[in-house]
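J.:
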Amino acid sequence: MKTRNKIALSALGVIVFLLMWEALARSGVVPARLLPSPSAVPAAFLTEFRSGTWQQMVLASLSHYLVGLGLGTLLGVSFGTAAALWGRWDAFQAWVVRMLRPIPAIAWIPFAIIWFGVSEGAASFLISLTVFWINYYASYAAVRAVDKDLIELGYAFGQGGLIPRLFKIVLPGALPGILSGVRAGLGQGWMTVVAAELFGISGLGMRMMEASGLLATNIVVLYMVTIALLYGVSDFLFMQIQSRVLSWQR
310 MKTRNKIALS ALGVIVFLLM WEALARSGVV PARLLPSPSA VPAAFLTEFR SGTWQQMVLA
370 SLSHYLVGLG LGTLLGVSFG TAAALWGRWD AFQAWVVRML RPIPAIAWIP FAIIWFGVSE
430 GAASFLISLT VFWINYYASY AAVRAVDKDL IELGYAFGQG GLIPRLFKIV LPGALPGILS
490 GVRAGLGQGW MTVVAAELFG ISGLGMRMME ASGLLATNIV VLYMVTIALL YGVSDFLFMQ
550 IQSRVLSWQR
(Lines of atoms letter the chains of each structure in order from A and count residues from 1; the text may use other names and numbers.)
(Lines give C-alpha, C1' and ligand atoms only; values in the text may rest on other atoms or scores of the structure.)
Protein backbone atom coordinates (compact mmCIF):
# COMPACT_ATOMS: atom_id res chain seq x y z
CA MET A 1 0.00 0.00 0.00
CA LYS A 2 1.26 3.46 -0.88
CA THR A 3 2.34 5.80 1.89
CA ARG A 4 -0.30 8.37 0.89
CA ASN A 5 -3.06 5.77 1.18
CA LYS A 6 -1.79 4.64 4.57
CA ILE A 7 -1.85 8.21 5.87
CA ALA A 8 -5.36 8.75 4.52
CA LEU A 9 -6.65 5.57 6.16
CA SER A 10 -4.96 6.42 9.45
CA ALA A 11 -6.51 9.91 9.41
CA LEU A 12 -9.89 8.38 8.63
CA GLY A 13 -9.55 6.00 11.55
CA VAL A 14 -8.86 8.91 13.93
CA ILE A 15 -11.85 10.87 12.58
CA VAL A 16 -14.20 7.89 12.97
CA PHE A 17 -12.93 7.27 16.49
CA LEU A 18 -13.52 10.92 17.50
CA LEU A 19 -16.98 10.98 15.93
CA MET A 20 -18.00 7.82 17.78
CA TRP A 21 -16.64 9.26 21.03
CA GLU A 22 -18.52 12.52 20.45
CA ALA A 23 -21.74 10.67 19.69
CA LEU A 24 -21.44 8.53 22.83
CA ALA A 25 -20.74 11.59 25.01
CA ARG A 26 -23.70 13.52 23.56
CA SER A 27 -26.09 10.57 23.77
CA GLY A 28 -26.36 10.88 27.54
CA VAL A 29 -25.68 7.18 28.04
CA VAL A 30 -22.60 8.20 30.01
CA PRO A 31 -22.72 11.40 32.13
CA ALA A 32 -20.63 14.24 30.68
CA ARG A 33 -18.69 14.60 33.93
CA LEU A 34 -17.53 10.99 33.55
CA LEU A 35 -16.81 11.07 29.82
CA PRO A 36 -16.30 14.53 28.31
CA SER A 37 -16.78 14.90 24.58
CA PRO A 38 -13.79 15.68 22.33
CA SER A 39 -15.40 19.04 21.53
CA ALA A 40 -14.98 20.03 25.20
CA VAL A 41 -11.19 19.64 25.07
CA PRO A 42 -10.33 22.80 23.03
CA ALA A 43 -12.11 25.02 25.58
CA ALA A 44 -10.19 23.31 28.40
CA PHE A 45 -6.95 23.89 26.48
CA LEU A 46 -7.65 27.60 26.06
CA THR A 47 -8.36 27.96 29.77
CA GLU A 48 -5.18 26.12 30.78
CA PHE A 49 -3.07 27.86 28.16
CA ARG A 50 -4.21 31.38 29.04
CA SER A 51 -3.44 30.78 32.70
CA GLY A 52 0.02 29.48 31.80
CA THR A 53 -0.66 26.15 33.52
CA TRP A 54 -0.40 24.04 30.36
CA GLN A 55 2.99 25.45 29.40
CA GLN A 56 4.28 25.07 32.95
CA MET A 57 3.19 21.43 33.21
CA VAL A 58 4.58 20.52 29.78
CA LEU A 59 7.97 22.08 30.50
CA ALA A 60 8.14 20.43 33.94
CA SER A 61 7.43 16.98 32.51
CA LEU A 62 9.80 17.50 29.59
CA SER A 63 12.65 18.40 31.93
CA HIS A 64 12.69 15.17 33.93
CA TYR A 65 11.57 13.08 30.94
CA LEU A 66 14.61 14.15 28.91
CA VAL A 67 16.99 13.59 31.82
CA GLY A 68 15.56 10.14 32.56
CA LEU A 69 15.45 9.21 28.87
CA GLY A 70 19.04 10.26 28.27
CA LEU A 71 20.42 8.56 31.36
CA GLY A 72 18.43 5.35 30.90
CA THR A 73 19.31 5.10 27.21
CA LEU A 74 23.03 5.70 27.74
CA LEU A 75 23.35 3.21 30.59
CA GLY A 76 21.05 0.64 29.00
CA VAL A 77 22.91 0.61 25.69
CA SER A 78 26.29 0.56 27.44
CA PHE A 79 25.50 -2.28 29.85
CA GLY A 80 23.61 -4.31 27.25
CA THR A 81 26.46 -4.01 24.75
CA ALA A 82 29.06 -4.89 27.37
CA ALA A 83 27.12 -7.99 28.48
CA ALA A 84 26.78 -9.17 24.89
CA LEU A 85 30.48 -8.70 24.13
CA TRP A 86 32.12 -10.16 27.24
CA GLY A 87 30.97 -13.57 28.38
CA ARG A 88 32.47 -13.25 31.87
CA TRP A 89 30.68 -9.96 32.51
CA ASP A 90 27.49 -11.43 31.12
CA ALA A 91 27.72 -14.38 33.52
CA PHE A 92 28.69 -12.17 36.45
CA GLN A 93 25.66 -9.90 36.18
CA ALA A 94 23.12 -12.36 34.73
CA TRP A 95 21.44 -13.34 38.00
CA VAL A 96 21.41 -9.76 39.26
CA VAL A 97 19.59 -8.76 36.07
CA ARG A 98 17.08 -11.58 36.51
CA MET A 99 16.36 -10.43 40.08
CA LEU A 100 15.95 -6.74 39.29
CA ARG A 101 14.26 -6.85 35.88
CA PRO A 102 10.79 -8.03 37.06
CA ILE A 103 10.50 -5.14 39.54
CA PRO A 104 8.39 -2.38 37.92
CA ALA A 105 9.60 1.21 38.11
CA ILE A 106 6.65 2.29 40.26
CA ALA A 107 7.76 -0.19 42.94
CA TRP A 108 10.83 2.01 43.41
CA ILE A 109 8.73 5.07 44.24
CA PRO A 110 9.30 4.79 48.04
CA PHE A 111 13.07 4.65 47.53
CA ALA A 112 12.94 7.44 44.95
CA ILE A 113 11.24 9.68 47.53
CA ILE A 114 13.68 8.66 50.28
CA TRP A 115 16.75 9.19 48.11
CA PHE A 116 15.73 12.25 46.10
CA GLY A 117 12.72 13.67 47.96
CA VAL A 118 9.61 14.78 46.11
CA SER A 119 11.63 16.32 43.32
CA GLU A 120 12.35 16.11 39.62
CA GLY A 121 15.33 13.91 40.48
CA ALA A 122 12.95 11.23 41.77
CA ALA A 123 10.89 11.37 38.57
CA SER A 124 14.00 11.21 36.38
CA PHE A 125 15.24 8.21 38.37
CA LEU A 126 12.00 6.28 37.80
CA ILE A 127 11.90 7.14 34.10
CA SER A 128 15.53 6.11 33.64
CA LEU A 129 14.80 2.72 35.24
CA THR A 130 12.07 1.97 32.73
CA VAL A 131 14.12 3.15 29.77
CA PHE A 132 17.24 1.34 31.00
CA TRP A 133 15.77 -2.16 30.80
CA ILE A 134 14.27 -1.66 27.36
CA ASN A 135 17.60 -0.48 25.95
CA TYR A 136 19.58 -3.08 27.87
CA TYR A 137 17.76 -6.02 26.31
CA ALA A 138 17.46 -4.44 22.86
CA SER A 139 21.20 -3.72 22.76
CA TYR A 140 22.09 -7.12 24.17
CA ALA A 141 20.02 -8.92 21.53
CA ALA A 142 21.23 -6.66 18.69
CA VAL A 143 24.92 -7.12 19.51
CA ARG A 144 24.58 -10.87 19.96
CA ALA A 145 22.88 -11.05 16.55
CA VAL A 146 25.83 -9.48 14.71
CA ASP A 147 27.19 -11.93 12.16
CA LYS A 148 30.17 -13.75 13.71
CA ASP A 149 31.74 -14.09 10.28
CA LEU A 150 32.06 -10.31 10.13
CA ILE A 151 33.93 -10.31 13.42
CA GLU A 152 36.28 -13.05 12.20
CA LEU A 153 36.80 -11.08 9.00
CA GLY A 154 37.69 -8.07 11.11
CA TYR A 155 40.34 -10.11 12.92
CA ALA A 156 41.74 -11.22 9.58
CA PHE A 157 42.13 -7.58 8.48
CA GLY A 158 43.70 -6.41 11.72
CA GLN A 159 40.53 -5.02 13.29
CA GLY A 160 40.44 -7.45 16.20
CA GLY A 161 41.22 -4.89 18.89
CA LEU A 162 38.40 -3.83 21.18
CA ILE A 163 37.93 -0.28 19.87
CA PRO A 164 38.16 -1.08 16.13
CA ARG A 165 35.97 -4.16 16.56
CA LEU A 166 33.39 -2.24 18.55
CA PHE A 167 33.10 0.85 16.37
CA LYS A 168 33.79 -0.61 12.93
CA ILE A 169 31.98 -3.95 13.12
CA VAL A 170 29.78 -4.52 16.16
CA LEU A 171 27.99 -1.19 16.59
CA PRO A 172 27.30 -0.61 12.86
CA GLY A 173 25.89 -4.14 12.61
CA ALA A 174 23.81 -3.81 15.78
CA LEU A 175 22.68 -0.22 15.23
CA PRO A 176 19.21 -0.97 13.75
CA GLY A 177 18.33 -3.15 16.76
CA ILE A 178 19.76 -0.65 19.24
CA LEU A 179 17.77 2.20 17.68
CA SER A 180 14.60 0.09 17.85
CA GLY A 181 15.16 -0.16 21.60
CA VAL A 182 15.73 3.58 21.87
CA ARG A 183 12.47 4.20 20.02
CA ALA A 184 10.56 1.85 22.34
CA GLY A 185 12.08 3.67 25.31
CA LEU A 186 10.69 6.97 24.02
CA GLY A 187 7.14 5.71 24.45
CA GLN A 188 7.66 3.82 27.69
CA GLY A 189 9.34 6.89 29.15
CA TRP A 190 6.17 8.95 28.61
CA MET A 191 4.10 6.23 30.29
CA THR A 192 6.36 6.40 33.32
CA VAL A 193 6.17 10.21 33.44
CA VAL A 194 2.55 10.05 34.63
CA ALA A 195 3.25 7.39 37.27
CA ALA A 196 6.31 9.29 38.49
CA GLU A 197 4.33 12.52 38.95
CA LEU A 198 1.34 11.04 40.77
CA PHE A 199 2.96 11.55 44.17
CA GLY A 200 3.26 15.31 43.85
CA ILE A 201 5.99 16.15 41.37
CA SER A 202 5.01 19.02 39.12
CA GLY A 203 4.03 17.96 35.62
CA LEU A 204 1.32 16.48 33.43
CA GLY A 205 0.56 13.58 35.77
CA MET A 206 0.16 15.80 38.81
CA ARG A 207 -2.18 18.13 36.93
CA MET A 208 -4.27 15.17 35.80
CA MET A 209 -4.63 14.01 39.42
CA GLU A 210 -5.61 17.51 40.54
CA ALA A 211 -8.24 17.73 37.82
CA SER A 212 -9.62 14.24 38.52
CA GLY A 213 -10.09 15.19 42.18
CA LEU A 214 -12.32 18.04 41.02
CA LEU A 215 -14.09 15.82 38.43
CA ALA A 216 -12.74 18.14 35.72
CA THR A 217 -12.53 15.26 33.29
CA ASN A 218 -12.18 17.56 30.28
CA ILE A 219 -8.86 18.73 31.73
CA VAL A 220 -7.81 15.14 32.37
CA VAL A 221 -8.50 14.29 28.72
CA LEU A 222 -6.65 17.42 27.63
CA TYR A 223 -3.46 16.25 29.35
CA MET A 224 -3.93 12.70 28.06
CA VAL A 225 -4.06 14.16 24.55
CA THR A 226 -1.03 16.32 25.37
CA ILE A 227 1.00 13.25 26.33
CA ALA A 228 -0.06 11.49 23.13
CA LEU A 229 0.96 14.51 21.04
CA LEU A 230 4.30 14.88 22.79
CA TYR A 231 5.04 11.23 22.17
CA GLY A 232 3.92 11.55 18.56
CA VAL A 233 6.24 14.51 17.98
CA SER A 234 9.21 12.85 19.70
CA ASP A 235 8.64 9.60 17.79
CA PHE A 236 8.38 11.47 14.45
CA LEU A 237 11.60 13.39 15.13
CA PHE A 238 13.39 10.22 16.17
CA MET A 239 12.27 8.43 13.00
CA GLN A 240 13.69 11.27 10.92
CA ILE A 241 17.00 11.00 12.74
CA GLN A 242 17.00 7.20 12.46
CA SER A 243 16.37 7.28 8.71
CA ARG A 244 19.37 9.57 8.28
CA VAL A 245 21.62 7.53 10.57
CA LEU A 246 20.72 4.29 8.75
CA SER A 247 20.74 5.82 5.27
CA TRP A 248 23.91 3.85 4.49
CA GLN A 249 21.85 0.63 4.55
CA ARG A 250 19.77 1.62 1.52
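The sequence shown begins at 310 in the numbering used here and counts up by one.
Beta carbons are placed, not taken as given, at the ideal position from N, Cα and C, and that holds for glycine.
Since this is a predicted model, take the numbers as computed values, not measurements.
(1) In or out: P419 buried (at least 16 other Cβ within 10 Å) or exposed?
(2) I'd like the list of long-range same chain contacts for A450, defined as Cβ closer than 7 Å, with 5 residues on each side in sequence excluded.
(3) How long is the line joining the alpha carbons of R553 and L484, rounded to whole angstroms?
(4) Between I324, F354 and H373, which has its C-alpha nearest M533's C-alpha?
(5) I need the straight-line Cα distance from I510 to E429, nearest angstrom please.
(6) Are any of the Cβ atoms in chain B nearer than 8 Å to that of L321?
(7) Under 8 Å, do Y445 and G496 count as touching if we go by C-beta distance?
(8) Verify whether the separation of the beta carbon atoms of G494 and T382 is less than 8 Å.
(9) At what residue ranges does the region 396 to 445 contain a whole run of the beta strand (DSSP E), taking only runs of 3 or more?
(10) CB-CB under 7 Å to S372, same chain, minus the five flanking residues each way: which ones, in chain order?
(11) Considering only residues of the same chain and omitting the five flanking positions on each side of A334, which have a CB-CB separation below 7 Å?
(12) Would you tell me roughly how many angstroms separate the C-alpha atoms of D399 and A392, rounded to the nearest one?
(13) Does DSSP put A340 in a helix, a strand or coil?
(14) Kindly indicate which residue of Q549, I528 and I436 has the alpha-carbon position closest to the one of G498.
(15) Are T356 and T439 close, meaning C-beta to C-beta below 8 Å?
(16) Which of the three DSSP states, helix, strand or coil, is assigned to F326?
(17) Applying the 10 Å Cβ sphere with the 16-neighbour rule, what's the burial state of L531?
(18) Buried or exposed: S433, going by 16 or more other Cβ atoms within 10 Å of its Cβ?
(19) What is the rounded straight-line gap between the Cα of A327 and the Cα of V455?
T.: Reading off the structure:
(1) Taking the first residue of the sequence shown as position 1, residue 419 is located at position 110. Exposed, by the Cβ-count rule.
(2) Taking the sequence shown and counting its residues from 1, one reaches residue 450 at position 141. Contacts found: G486.
(3) Stepping through the sequence shown from its first residue, residue 553 is reached at position 244. Stepping through the sequence shown from its first residue, residue 484 is reached at position 175. Looking at the two C-alpha atoms, the distance is approximately 12 Å.
(4) Within the sequence shown, the letter at position 224 stands for residue 533. Considering only alpha carbons, the answer is F354.
(5) By 1-based counting over the sequence shown, the position of residue 510 is 201. By 1-based counting over the sequence shown, the position of residue 429 is 120. Taking the straight line from one Cα to the other gives about 7 Å.
(6) As a matter of chain content, chain B is missing from the structure shown, which is built from one protein chain.
(7) As a working note, residue 445 is residue 136 in the sequence shown. As a working note, residue 496 is residue 187 in the sequence shown. Going by C-beta atoms, Y445 is not nearer than 8 Å to G496.
(8) For the purposes of this step, residue 494 is taken as the residue at position 185 of the sequence shown. For the purposes of this step, residue 382 is taken as the residue at position 73 of the sequence shown. Yes, the pair counts as a contact, with Cβ atoms nearer than the cut-off.
(9) Whole beta strand (DSSP E) segments, 3+ residues: zero.
(10) In the sequence shown, counting from the first residue as 1, residue 372 sits at position 63. Within the same chain, S372 has close Cβ partners E429.
(11) Here residue 334 refers to the residue found at position 25 when the sequence shown is read from its first residue. Residues of the same chain with a CB within less than 7 Å of the CB of A334, apart from the 5 flanking positions on each side, are A341, L344, P345 and S346 in chain order.
(12) Here the question's residue 399 lines up with position 90 in the sequence shown. Here the question's residue 392 lines up with position 83 in the sequence shown. In a straight line, the C-alpha of D399 is about 4 Å away from that of A392.
(13) Translated into the one-based positions of the sequence shown, residue 340 becomes position 31. The amino acid at residue 340 is misidentified as Ala; the sequence shows Pro. The DSSP-derived three-state label of P340 is coil.
(14) Looking up residue 498 in the sequence shown gives position 189. Of the candidates Q549, I528 and I436, the one whose C-alpha sits nearest the C-alpha of G498 is I436.
(15) Translated into the one-based positions of the sequence shown, residue 356 becomes position 47. Translated into the one-based positions of the sequence shown, residue 439 becomes position 130. Contact flag unset, no.
(16) The count along the sequence shown starts at 1 and reaches residue 326 at position 17. Residue state for F326 is assigned as helix, using DSSP reduced to three classes.
(17) Position 222 of the sequence shown holds residue 531. Buried, by the Cβ-count rule.
(18) Residue numbering aside, residue 433 sits at position 124 when the sequence shown is read from its first letter. Looking at its Cβ environment, which holds 16 or more other Cβ atoms inside 10 Å, S433 is buried.
(19) Walking along the sequence shown from the start, residue 327 turns up at place 18. Walking along the sequence shown from the start, residue 455 turns up at place 146. Inspection of the sequence shows that residue 327 is occupied by Leu rather than by Ala. If you take the alpha carbons of L327 and V455, they lie about 44 Å apart.
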